[in-house]
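**Q**
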Amino acid sequence: MRFLAFCKQKQGPVAAPDINFTATISLLVLPSCLRLIASILITTISLGSVLGQQQGSILDGYVVDNTSNAPLPGATVFIKELSRGTTADVRGHYMLQLAPGTYSVKFSFIGYDSDSAIVEAGVHTTHTVRLKPASVVINEVTVTAEKADANLAKTETGMIVIHKDDLEKMPYLLGEVDPVRMIQLTPGIHTSGEGSTGFYVRGGAVDQNLMTLDNSTIYNPSHLFGFFSIFNGSTIEDMELYKGGIPADLGGRLSSVTNIHTRKGNAEEFKGEGSIGIIAASVLAEGPIKKNKSSFLVAARRTYVDLFAKALRDLRFLKQDINYYFYDINTNLDFTLGGKDQLRIRGYFGQDVFKYQASNSFDNDMDWRNISGSVTWQHSFHENLYGELVVNTSLYDMNFGATINTYAFNIASNIRDKGFSYQLNWQLNDHDISMGVVYTHHTLRPNNFAASSDDVDLEVAPKAQLFAHEVAAFVNDKIEITEALQISAGIRFTGYSQAGPFTRYLQDDNFQVLDTIQYARYEPIAVYFNAEPRLSLRYRLNDVSSLKASYDNTHQYMHMAPLSSVSLPLDMWVPSTENIKPQSAHQWSAGYFRNFNEQTIETSVVGYYKTMDHQLEYREGTIIGYSKGLNFDDNFVFGKGKSYGIELSVKKTAGSLTGQVSYTLSKTTRTFSDLNKGKTFDAKYDRLHDLSLMANYEHNRRWTFSGVFVYGTGNALNLPVARYIIQGNIINEYGARNAFRMPPYHRLDVSVTYAARKSERFQSYWILSVYNVYSRKNPYYIYFETKGNLDNYELETSIKQVSLFPIIPAITYRIKF
Amino acid sequence: MMRSLAFILLVIISLTRCAPESDFNAIPYTKKLVVDGAIESNGYPRVQLSYSAAYFEEIDSANIRDLMVSTAKVTVSDGEQEEVLTLRRDNNLFPPFYYEGTSIVGKAGKRYDLTIELKGEIYTATTTIPEPRKLDKLWFALAPDKDSLGYLYGKISDNAAEQNFYRLFTQRKNVDPRFFPVYLSAIDDQYFNGKSFTFTVFRGPENFSEIKDDLYFAKGDTIKLKFCTMDKAHYDFWRTMERELYVVGNPFASSGNEVLSNIQGKNVLGVWGGYGVTLYETVAR
């Protein structure tokens with residue numbers, strides 16, 4: 001096996017093309033291909049729940065869009081007589097407890113005309129309001145001074161809610177808006193760098209962030225080696241990210257939970273959207289199945305770079321056959337079943353395909369796909385009690401293959417989840433209680449490596465298919481103790497079992513098998529139980545400021561250890577086993593929130609301190625398919641992590657200029673007994689400074705400008721400290737782990753949108769976007785090159801850096817009707 | 001409020017000043033002795049000594065001499081006799097000095113101890129020469145799409161009862177000045193233990209710092225192949241050393257890699273290893 005295994009000679013002038021006989025070389029081809037591609041590329045359901053209470057009276061209802069009936073989460077409901085109000089939740093639902101009487105109520109929402117109503121509040125009054133979009137004179141929308149402030153009122157110390165409208169204010173990149181890029185601009189969240197959709201939340205690894213799309217887990221949300229996420233911006237209703245003060249309903253990952261909801265199709269009339277750009281085209285169609293009762297939404301995207309590939313081969317930099325494309329499809333169906341039941345069906349399918357052929361004796365292909373589906377049934381039992389049943393499934397699947405002369409090899413990984421959850425939400429006086437159960441069955445194949453030569457199927461590692469069960473039960477209560485003080489307390493019990501069939505190889509230090517243990521089907525192999533207490537509190541100091549504090553305990557049973565500084569679809573997910581213990585974390589955070597200028601400028605300062613146990617990394621010098629050990633978990637090592645930091649944020653939410661500035665100052669370290677001689681070292685993603693600026697300026701109804709600037713301290717990395725010569729080979733000696741830093745990451749993106757037509761019936765836009773305006777060469781990875789010759793007694797070492805994406809301008813034409 | 005903001009800004013600014021810089025020269029380094037010693041079955045012990053250098057220290061003809069070691073006392077013992085090796089010069093090598101024995105000859109199944117005395121420090125190591133093994137078959141075949149270039153193929157029947165460590169070298173007669181290790185020259189039998197296994201020999205470069213050759217042998221080449229067995233510690237050095245050659249700069253490998261030395265002492269790197277050698281010669285046709 002070793003004969004064919006990875007081989008590479010970065011230390012000298014690159015050898016003749018024929019040397020491309022090994023797998024690593026094909027792996028190495030990828031980044032340059034990426035660069036090439038880059039350069040070529042230039043919940044939303046109304047619930048039937050009606051809330052009531054025994055004494056006093058209740059006013060509730062929904063705030064929805066008057067044409068699409070889409071809920072307007074975050075819309076403000078304000079009682080003039082009482083000078084108090086509330087905001088609509090994600091379903092557009094609002095509720096106020098009042099003394100019986102007559103009130104003047106004002107409903108407002110950014111981008112919509114305000115509406116007022118005189119409401120006679122009896123024991124229980126329902127008032128649903130349909131707001132009209134203010135699209136015609138969008139720059140004249142005034143945000144009412146009474147706007148109550150969700151950011152001050154929420155208990156969560158670290159919760160970010162992003163709506164469709166927020167997304168549309170971001171610069172389009174290559175004609176697309178990407179929700180994950182929006183997440184990366186918020187404080188405490190760092191992009192993992194060039195060519196990755198992954199992000200780091202408060203010093204946690206990429207795998208510590210749960211991403212769900214309509215209640216199904218998405219394990220690798222990346223298209224185009226991470227340039228885009230798989231989430232199609234035009235289908236998104238909203239998303240919530242929790243990184244601190246995480247309610248007990250959510251769990252499964254150490255650092256954050258992001259729930260992305262796609263929207264309901266228009267239940268009143270048929271609508272469409274489409275866009276065409278340099279690299280991709282997308283379409284969206286929606287409409288009623290049965291008017292006001294049921295609706296559909298279908299959206300699809302595809303890149304067509306592959307169509308240009310042939311022509312590009314004539315250009316000097318594309319000698320080889322290289323082919324790349326991705327596509328995805330979202331299908332949403334929504335049904336209103338009587339007054340008390342809602343049914344949501346969501347499906348997603350997306351795939352990336354990459355092919356590369358250098359010569360007759362070398363070719364390489366890689367593809368990965370995400371499939372997810374869920375059915376959600378919401379039922380309102382009672383005025384203040386509703387339940388939600390979700391049945392979901394998801395699949396992430398990756399194949400990497402290469403043929404080199406007489407050798408062929410293939411790496412396949414996948415992870416498949418099937419599960420269900422049931423949650424009850426109960427609002428009772430000052431309590432807002434949620435409780436439920438979750439079950440997920442995981443099936444995984446982590447990097448199954450197959451290799452063959454002419455006459456022999458090489459025995460590399462046994463093909464492992466792994467099974468695991470994960471369960472959780474939780475209860476969480478948000479209690480309004482006084483008007484100023486709100487507490488959210490909860491507990492989540494989690495259980496995990498790795499189940500057979502499974503073969504464990506007991507090996508000595510040389511990986512010689514001493515014994516094997518066979519586990520039968522369904523036999524529990526490694527079982528873990530944990531209780532995760534959560535507590536957060538908010539104290540409202542006055543109308544414009546509040547204090548918040550929280551404690552979170554989280555556990556994680558599924559893991560992904562990135563192999564190298566480069567984020568690739570090859571990074572595999574693995575379950576907890578006897579060797580891989582569940583990751584766990586404690587996090588304390590506290591913050592001060594203050595709004596200015598009549599609540600239109602939101603500021604906050606939040607500090608956090610987090611400790612993490614059973615973190616995993618690869619053993620030093622591991623190469624996929626080359627390293628030893630028959631168990632899939634032989635090449636991992638385990639240790640502890642610590643992270644602390646302070647996050648500052650200023651956000652302007654109203655006016656023709658809106659935007660956000662986020663800054664995080666942080667420190668993240670790891671301590672592993674098997675790495676760095678047991679001494680504490682900076683985590684790869686330790687980032688002292690992380691700054692992001694986002695601005696959107698609506699010049700007039702035709703012209704909108706937006707821009708994003710990000711800056712982050714460079715990733716920590718391992719580089720040699722010394723070298724020596726043995727038989728003419730220059731060998732590196734490494735010093736302390738991650739003692740070096742990559743240059744800082746920074747980038748500016750801008751976009752200009754010109755509304756060519758803007759009427760109720762038809763809208764068209766030209767979008768000019770420029771990614772990486774000043775073509776900053778951000779490091780993707782770094783290596784050294786030694787030049788010279790020992791015969792002449794001359795050696796010179798220089799640092800080489802590979803960057804992926806230079807300036808990429810793009811133009812896109814979008815229509816909506 | 002504004003005052004507290006100003007305070008926070010001040011804190012940030014002061015922290016910014018101590019932001020880690022990408023200063024690659026900043027890490028202090030103490031040079032180490034590098035040992036490259038071997039004893040083959042039916043051969044004399046041979047040891048080369050040099051020093052390591054900080055990564056960004058430029059090496060030129062003036063300072064390269066500082067890396068050479070020619071003043072050590074190198075002793076080899078086989079348990080029965082002991083011999084101080086003699087310093088010799090070979091300008092084709094780096095460093096251009098080596099220490100060689102004249103009386104102790106390597107024998108399969110024996111243990112050999114190495115002692116190096118240099119500037120008051122003592123460095124020691126131990127190795128063994130395992131029984132040499134034989135190939136079942138060795139042949140040349142043209143590579144697909146090539147008229148005159150091809151690879152050497154070999155077949156071995158591995159001994160299932162023990163763990164075996166192998167290393168391969170080739171030398172083209174009248175072309176290569178000496179034996180060069182092939183690509184991925186150090187292997188063990190983990191993946192073919194007890195099996196009959198066919199492998200391809202990719203001709204290795206003279207060294208990895210300057211690769212200008214391809215991997216092929218040409219029709220008409222007379223090829224000498226040295227098929228060696230090693231013990232575990234010896235194998236671990238070459239395994240990790242070769243891994244380092246492939247890992248460096250490779251974004252598809254985890255970072256950091258310690259080359260496992262079997263030399264004992266303060267600030268020392270390298271290897272002292274015994275080889276059980278079987279030699280073959282074939283003409284590519």
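Protein sequence lines correspond, in order, to chains G and Z.
Just so we're aligned, residue 1 is where the first sequence starts under my numbering, counting upward by one.
Just so we're aligned, residue 1 is where the second sequence starts under my numbering, counting upward by one.
The beta carbon of each residue, even a glycine, is placed where N, CA and C say it ideally should be.
Looking at chain G, which residues of the stretch 25-47 of chain Z have a Cβ within less than 7 Å of any of its Cβ atoms?
**A** Ile27, Tyr29, Val34 and Asp36
**Q** Go through its chain and collect everything with a Cβ distance to Thr67/G's Cβ below 6 Å, but skip five positions before and after it.
**A** Closer than 6 Å at the Cβ level, and outside the excluded window around Thr67/G, lies no residue.
**Q** Name the chain G residues that come within less than 8 Å of Ala53/Z, Cβ to Cβ?
**A** Ala722, Arg723 and Tyr724
**Q** Measuring alpha carbon to alpha carbon, tell me which of Leu424/G, Ala484/G and Asn729/G ends up nearest Leu547/G.
**A** Ala484/G
**Q** Quick check on DSSP: helix, strand or coil for Gln587/G?
**A** Three-state result, Gln587/G: strand.
**Q** What number of angstroms, rounded off, separates the C-alpha of Tyr522/G from the C-alpha of Tyr528/G?
**A** Approximately 16 Å, taken between the alpha carbons.
**Q** Are the C-beta of Tyr734/G and some C-beta of chain Z separated by less than 8 Å?
**A** Cβ-Cβ to chain Z under 8 Å: yes for Tyr734/G.
**Q** Could you give the uninterrupted runs of the beta strand (DSSP E) lying entirely in the stretch 708-789 of chain G, keeping only those of 3 residues or more?
**A** 720-726, 729-734, 745-758, 763-771 and 781-789
**Q** Which of the three DSSP states is assigned to Asp363/G in this structure?
**A** strand
**Q** Straight-line CA distance for Gly659/G to Gly707/G?
**A** 9 Å
**Q** Please list, in chain order, the chain G residues whose beta carbon lies closer than 8 Å to that of Thr240/Z.
**A** For Thr240/Z, the C-beta contacts it makes with chain G under 8 Å involve Gly621, in order along the chain.
**Q** Does any C-beta atom of chain Z lie closer than 8 Å to the C-beta of Thr797/G?
**A** yes
**Q** Hey, is the stretch 609-621 of chain G in contact with the stretch 630-641 of chain G, meaning 3+ C-beta pairs nearer than 8 Å?
**A** The stretch 609-621 of chain G vs the stretch 630-641 of chain G: in contact.
**Q** Give the single residue among Tyr216/Z, Leu260/Z and Phe179/Z whose Cα lies nearest to the Cα of Asp145/Z.
**A** The candidate whose alpha carbon is nearest that of Asp145/Z is Tyr216/Z.
**Q** Taking 6 Å as the limit between beta carbons, can you name the residues of its chain near Leu28/G, skipping five residues before and five after?
**A** Only weak support is given to the placement of Leu28/G: the predicted model assigns it a pLDDT of 35, under 50, and the value that follows is read from those uncertain coordinates. Taken in chain order, the list of residues that qualify is empty.
**Q** Any C-beta of chain G sitting closer than 8 Å to the C-beta of Glu258/Z?
**A** yes
**Q** Does Leu320/Z come within less than 8 Å of chain G when only Cβ atoms are used?
**A** Here chain Z has residues from 1 to 285 only, and residue 320/Z is not among them.
**Q** Give the secondary structure of Tyr172/G by DSSP, where H, G and I count as helix, E and B as strand, and everything else as coil.
**A** coil
**Q** By DSSP, does Gly37/Z sit in helix, in strand, or in coil?
**A** strand
**Q** Checking 8 Å against the spacing of the C-beta atoms, do Glu40/Z and Val277/Z come in under that value?
**A** yes
**Q** Hey, is the stretch 154-174 of chain Z in contact with the stretch 115-122 of chain Z, meaning 3+ C-beta pairs nearer than 8 Å?
**A** no
**Q** Going by Cα to Cα distance, which pick from Phe107/G, Arg91/G and His93/G is closest to Ile79/G?
**A** Phe107/G
**Q** For Ile580/G, go through chain Z and note every residue whose CB falls closer than 8 Å to its CB, in chain order.
**A** Result: empty, since nearest Cβ-Cβ is about 16 Å, beyond 8 Å.
**Q** Which first and last residues belong to the beta strand (DSSP E) in which Val105/Z is found?
**A** Careful: Val105/Z lies outside any beta strand (DSSP E) and carries neither H nor E.
**Q** Of all the beta strand (DSSP E) runs that stay within the bounds of the stretch 184-230 of chain Z, which reach a length of 3 or more residues?
**A** 196-201 and 222-230
**Q** Ordered along the chain, which non-local residues of its own chain (more than five positions away) have a Cβ less than 6 Å from that of Thr393/G?
**A** Hits under 6 Å: Gly373 and Lys418.
**Q** Verify the CB distance criterion: does Leu15/Z have a CB-CB separation below 8 Å to chain G?
**A** Unreliable placement is indicated for Leu15/Z, whose pLDDT of 38 sits below 50; the coordinate value is still reported in the next sentence. Yes, because at least one Cβ of chain G sits closer than 8 Å to the Cβ of Leu15/Z.
**Q** To which residues does DSSP link Gln486/G through a beta bridge?
**A** Glu480/G and Arg538/G
**Q** Once the 5 residues before and after Ile118/G are set aside, which same chain residues still bring their CB inside 8 Å of it?
**A** Taken in chain order, the residues that qualify are Thr102, Tyr103, Ser104 and Val105.
**Q** Pick out whichever of Asn399/G, Thr482/G and Gly490/G has its Cα sitting closest to the Cα of Asn448/G.
**A** Asn399/G
**Q** When the distance is taken between beta carbons, is Asn425/G closer than 8 Å to Asp397/G?
**A** no
**Q** Is the shortest distance between the beta-carbon of Gly639/G and the beta-carbons of chain Z less than 8 Å?
**A** no
**Q** Helix, strand or coil for Glu244/Z? Go by DSSP, reduced to three states.
**A** helix
**Q** Go ahead and label Trp819/G buried or exposed: buried means 16 or more other beta carbons lie within 10 angstroms of its beta carbon, across all protein chains shown.
**A** Nothing can be reported for residue 819/G: it is not among the residues displayed for chain G, which extend from 1 to 817.
**Q** With DSSP collapsed to three states, give me the class of Lys800/G.
**A** Correct three-state label for Lys800/G: strand.
**Q** Counting only C-beta atoms, is Asn729/G closer than 8 Å to chain Z at any point?
**A** yes
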